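Engineer: Following this message is one structure expressed as structure tokens.
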Amino acid sequence: AQRLAATLLVSAFTTVAMAAKPPLNTAELSACADRVQHLRTQSPLLLQRHADHDARRDAILARRRALDNQSMTRRKDDLEAGLEIRRQRNALNADALALNQEIQALRTAIARNSEVRDAYDAECARRPYSRNDFNRLPQPQQDAMRAGLADIQVPKLPPNMKPLPGVDAP
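Residues in the sequence shown are numbered consecutively from 305, following this note's numbering.
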């Protein structure tokens with residue numbers, strides 16, 4: 305009796321939840337397909353950009369450590385070596401500033417991409433739609449809806465995605 309009551313209760317909640325979200329109409333389905341297309345194209349690009357920035361950040365930090373070591377071990381009366389280190393440090397700082405600006409742009413792009421994912425989750429995910437509405441979509445949108453998002457990793461703003469220290473942030 306308790307199992308039957310629990311099953312009926314779950315069924316009632318599921319029915320209420322499904323009733324709360326009516327089927328997508330053609331315009332909503334099209335908007336959902338656009339979101340899927342966006343996420344399928346942009347998410348892999350953003351993940352690659354993030355990996356590229358990590359590699360560039362590591363290289364800049366390694367160059368900074370090497371310059372610090374070079375600066376500490378040079379003869380203090382060697383003016384030419386001091387000027388060369390200063391030139392290299394200025395170039396390094398310019399590279400770090402450029403990377404910091406790119407990191408900020410990437411953070412903005414990831415945030416926008418996350419907004420698209422959140423909108424998809426809120427307005428599209430697990431919503432029924434009619435086969436007739438689906439068939440009215442252009443082929444690329446139909447393909448996107450068939451592909452879905454199960455195989456797509458949507459990037460999130462990582463807490464360690466910080467500007468390089470010692471450089472003015474944009």
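Using N, Cα and C, we set each Cβ at its ideal position, and we do this for glycine too. Bear in mind that the values here come from a model prediction, so they are computed numbers and not experimental data.
Can you tell me where the alpha helix (DSSP H) with ASN329 in it begins and where it stops?
Structural biologist: No alpha helix (DSSP H) holds ASN329; DSSP gives it neither H nor E.
Engineer: Provide the residue(s) that pair with TYR433 in DSSP beta bridges, ordered along the chain.
Structural biologist: LEU328
Engineer: Spatial neighbours of GLN374 within its chain, please: C-beta separation below 7 Å, excluding the five flanking residues on both sides.
Structural biologist: ILE389
Engineer: For the structure I just gave you, are there three or more beta carbon pairs, one from the segment 409-423 and one from the segment 329-349, closer than 8 Å?
Structural biologist: yes
Engineer: I think LEU350 touches ILE407, with their Cβ atoms under 8 Å apart; what is that distance to the nearest whole Å?
Structural biologist: Rounded, the Cβ-Cβ distance is 12 Å, inconsistent with contact.
Engineer: Distance check for TYR433 and ARG344, CA to CA, integer angstroms please.
Structural biologist: One Cα belongs to ARG344, the other to TYR433, and the distance between them is close to 21 Å.
Engineer: Between LEU468 and ALA370, how many whole angstroms is the CB-CB distance? I'm expecting something under 8 Å.
Structural biologist: With a contact defined as Cβ atoms closer than 8 Å, LEU468 and ALA370 miss out at about 15 Å.
Engineer: Go through its chain and collect everything with a Cβ distance to VAL458's Cβ below 8 Å, but skip five positions before and after it.
Structural biologist: LEU343, SER347, ASN417, SER418 and ARG421
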